[in-house]
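This report concerns only the one structure given below.
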Amino acid sequence: MKQSIVLLLLLVQYSLFSQEKTFFERPPLFPNCEEVAIDSQQHCFDQKVFQLIFENFKVPQKVVDDNYKGNIIVLFEVDTTGLFKVIYVDAMYDELKTEARSVFSKFPKIKPGTYNGNSTYKQYSIEIKIPLEFRDTKTNDLKKESEISKLEIEAKSEFDKVNNSLVAFEDKTYSSQLNIPFTHFDYSKFDRNMNLVGTNSHTASKPFLYEDVSSYYDFKTEIEKLKKETITWAGKKLWNEHLVQLQGKDYWFTIDPIFDLEVGKDFDADFNTTYNNTRGILIRGGFGKNFNFYTSVFESQGRFAQYINDYAESLKAYGPDPAIIPGRGIAKRFKTDSYDYPVAEAYLSYSPAKFINIQFGHGKNFIGDGYRSLFLSDVASPHPFLKLNTKFWKIKYTNTWMWLKDVRPEATVDAAFLTKFMANHYLSWNVSKRLNIGLFESVIWTNTNDRGFDVNYLNPIIFYRAIEFETGQGAGNAIVGASGKYKVNDNVNIYSQFILDEFSLSDVKAGEKSWKNKFGYQLGVKYFNAFKVDNLLLQFEYNRVRPYTYSHNTIVLNYGHNNQSMGHLWGSNFSEAIIIGRYYFKRWFGDAKLIFGVRGFDYNDGTDNFSYGSDIYRNYNDRPFDSGVEIGQGNKTNSFYANLQTGYVINPASNLKLFADITFRNFNPDVETTSTFKTNTVWFNIGLRTDLFNWYFDF
59 MKQSIVLLLL LVQYSLFSQE KTFFERPPLF PNCEEVAIDS QQHCFDQKVF
109 QLIFENFKVP QKVVDDNYKG NIIVLFEVDT TGLFKVIYVD AMYDELKTEA
159 RSVFSKFPKI KPGTYNGNST YKQYSIEIKI PLEFRDTKTN DLKKESEISK
209 LEIEAKSEFD KVNNSLVAFE DKTYSSQLNI PFTHFDYSKF DRNMNLVGTN
259 SHTASKPFLY EDVSSYYDFK TEIEKLKKET ITWAGKKLWN EHLVQLQGKD
309 YWFTIDPIFD LEVGKDFDAD FNTTYNNTRG ILIRGGFGKN FNFYTSVFES
359 QGRFAQYIND YAESLKAYGP DPAIIPGRGI AKRFKTDSYD YPVAEAYLSY
409 SPAKFINIQF GHGKNFIGDG YRSLFLSDVA SPHPFLKLNT KFWKIKYTNT
459 WMWLKDVRPE ATVDAAFLTK FMANHYLSWN VSKRLNIGLF ESVIWTNTND
509 RGFDVNYLNP IIFYRAIEFE TGQGAGNAIV GASGKYKVND NVNIYSQFIL
559 DEFSLSDVKA GEKSWKNKFG YQLGVKYFNA FKVDNLLLQF EYNRVRPYTY
609 SHNTIVLNYG HNNQSMGHLW GSNFSEAIII GRYYFKRWFG DAKLIFGVRG
659 FDYNDGTDNF SYGSDIYRNY NDRPFDSGVE IGQGNKTNSF YANLQTGYVI
709 NPASNLKLFA DITFRNFNPD VETTSTFKTN TVWFNIGLRT DLFNWYFDF
């Protein structure tokens, strides 16, 4: 008769680990123990040895028949290649000696122990008591066999079984359905790969999924190139790895701290320094092959260059809070001259089939191939969204439904901000190996007359303009657009957007420059590996949007959220030219940006309170005239913005960067008013940032 037993293993180490336990010495590691904290790795090794003996050791029948009580002493080592070798066995029965050697011969090859980074052998002595005793080497708890039921033994080992189910960590982020955090610079690294002549990629709807981009860009190889050789746990976590990374058969997740610690000087301001102090946590993971999750929480305090502080306070929402930090959210006063602005972003991503991805979360989206987008931009605060991406043949179809807020005092009811809704469609079609055409439509409606979320707009394949007429033209604000991209060759592509809010053909024919002709366009070109310099991107972009575009006679139906535009950062009534250069070499990077603009602002001086078409939060019926409407009308302002940034990627896994930048900004209106006045800013800044989103300070 055979019976299975659980064996007591009392480990007495003869290795240097037990004699000189130093920071630079590490025990042998089974695969599931590599990601365990360093002070728990020895216990993990012990428990794995217990498990293997328990699974493989069979007490000889003769020993069972003799009702033997005693012990077995096994001296073994793990050599410098990771193999287990039995050196000596002492037992009453030869059968026990043979069985002990047989069990250890079944042990797998593992990672050997190290001393100062070099492989070394480790020796251990094990005492196996018979009959059964069950001991946890960490707690030293002991029970006799007669006191333990099979169920209790299994229950006591359940936690270790879960721990032992872990496998060696392989970062599955790069093949997951997670979004690649959208920053213009980081996206430029694989922009060329996705725009080679002949690719069937779709590059306008952002952020991209890692899974989609991995077909064109080898994340793992590129990350591997940046790895630093280091032997310590702290060194790996600083330079190469996620702070916490855990993986089982059907799940994985990573945890990283978030930092945005900056200090600088605005030489045009009265205060001494600018600063930002962001701390947070980022969690990413997945269950199975098709379900992923992401969450990031930021706690921040900051004081910025004076023109940014002024702009933030001009966005003020209803209530006691003094400002909205552009692109982040509502801020409360911190001390006397700073802001406290918490932010959270999260989403769930699920791909029920290869051709479809569904996301629900709180964050931002972007549609376009340029630095700016006239369709849907990421300049406003994060907001709830539901997104559906469908890909087949040469088509990618993106549906996004968003829940936005109008935070103006006049739109607030019982101290609650008014909810407004946005739905848009974007169809991207690769007509040929070089040409891509996109069609866009969007509609905004609000909760007037208890309308709520209108199911008419939930249909993913419908024309919003027709639904707007069906539900009442005053019930929503529909906008349509088209985009194009042409790949001249592998290194040059041209892109464009055209947005149409309202149009009067008769007025165009009359040449009257009617206010009804509310539209805008974008033209741009990208030059990859410019002048045969690898990883150098040059980009030129021109944007022009006529007055009153994105606005509405029912203000809440404008194209805005949290007093910020959901389209172009500047609203409307402007033209701008942008020149951008980006370069990276290994972990070093550099970024330069020049923006020249002409804008037309309102006067709001008590004598002239007309809307000249720049502020999308003005009723377009407040216009001063119907014809002769031109870009730059009103308080014409010339602006210039230049930014130069350079830095070093500390950890590519978490995208932690050390950087320094300098900003020059000249803002020169024809007439100075209380809200529009001349400034000439020089702002120097250095910092440490986990780069996860775009900051836009070029307003």
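Residues are numbered in our numbering as their position in the sequence shown, beginning at 1, plus a constant of 58. Positions of the beta carbon are idealized from the N, C-alpha and C atoms, including for glycine.
Which of helix, strand or coil DSSP assigns to residue i
i	result
N726	strand
G344	strand
V687	coil
S562	coil
R645	coil
I131	strand
N258	coil
K294	helix
D548	coil
K694	strand
L432	coil
E280	helix
L141	coil
T231	helix
V591	coil
A404	strand
K201	Any reading at K201 needs caution, since the residue's pLDDT is 48, under 50, leaving its predicted position unreliable; the model's value is listed next. Here K201 sits in strand by DSSP.
H300	coil
L497	strand
D148	strand
V614	helix
K167	coil
For residue j and residue i, believed in contact at Cβ under 8 angstroms, the rounded distance
i	j	result
G745	E135	About 50 angstroms; that fails the 8 angstroms criterion.
S630	G671	6 angstroms
N677	S685	In fact, because the Cβ distance is near 19 angstroms, the residues do not count as touching under 8 angstroms.
S712	T748	6 angstroms
L254	D548	5 angstroms
L615	N535	4 angstroms
V147	I130	7 angstroms
D436	N752	6 angstroms
K694	G658	6 angstroms
I537	Y617	7 angstroms
R681	Y585	Between Y585 and R681 the Cβ distance is about 40 angstroms, and since that is not below 8 angstroms, they are no contact.
Per-residue burial, residue i [other beta carbons within 10 Å of its own, 16 or more giving buried]
i	result
T80	Because T80 sits at a pLDDT of 41, beneath the cut-off of 50, its placement in the model cannot be relied upon, and the point is left open.
E299	buried
E634	buried
S623	buried
E157	buried
W503	buried
T331	exposed
S354	buried
K164	exposed
S273	exposed
N738	exposed
R391	exposed
L485	buried
Terminal residues of the beta strand (DSSP E) in which residue i lies
i	result
W461	453-464
M480	476-488
L446	441-450
Q364	First-last for Q364: 364-372, but that is the alpha helix (DSSP H), not the beta strand (DSSP E).
L596	594-603
D249	Looking at the DSSP string, D249 is not in any beta strand (DSSP E); the run it does join, the alpha helix (DSSP H), is 242-252.
K390	387-392
F418	414-421
K584	576-585
Y376	Neither: Y376 is in no beta strand (DSSP E) and is coded neither H nor E.
I758	Outside the modelled stretch of the chain, which goes from 59 to 757, sits residue 758, for which no answer is possible.
Residue range of the alpha helix (DSSP H) that includes residue i
i	result
D314	Here D314 belongs to no alpha helix (DSSP H); instead the beta strand (DSSP E) covers 309-324.
R747	Taken as a continuous stretch (DSSP letters only), R747 belongs to no alpha helix (DSSP H), being part of the beta strand (DSSP E) at 737-748.
E269	268-271
How do the stretch 122-136 and the stretch 251-269 stand: do at least 3 beta-carbon pairs fall below 8 angstroms, yes or no? no
With a threshold of 8 angstroms, are at least 3 pairs of Cβ atoms found where one atom belongs to the stretch 426-434 and the other to the stretch 381-397? no
Quick test of the definition: if touching needs 3 or more C-beta pairs under 8 angstroms, does the stretch 321-339 touch the stretch 283-298? no
If contact is defined by three or more beta carbon pairs under 8 angstroms, each pair taking one atom from either stretch, is the stretch 441-455 in contact with the stretch 404-421? yes
If you pair each beta-carbon of the stretch 454-462 with each one of the stretch 473-481, do three or more pairs fall below 8 angstroms? yes
Three Cβ pairs or more, each shorter than 8 angstroms: is that satisfied between the stretch 464-476 and the stretch 637-648? no
Contact between the stretch 312-319 and the stretch 334-346 is defined here as three or more beta-carbon pairs at a separation below 8 angstroms; is this criterion met? yes
Taking three-plus beta-carbon pairs below 8 angstroms as touching, is the stretch 226-234 in contact with the stretch 305-313? yes
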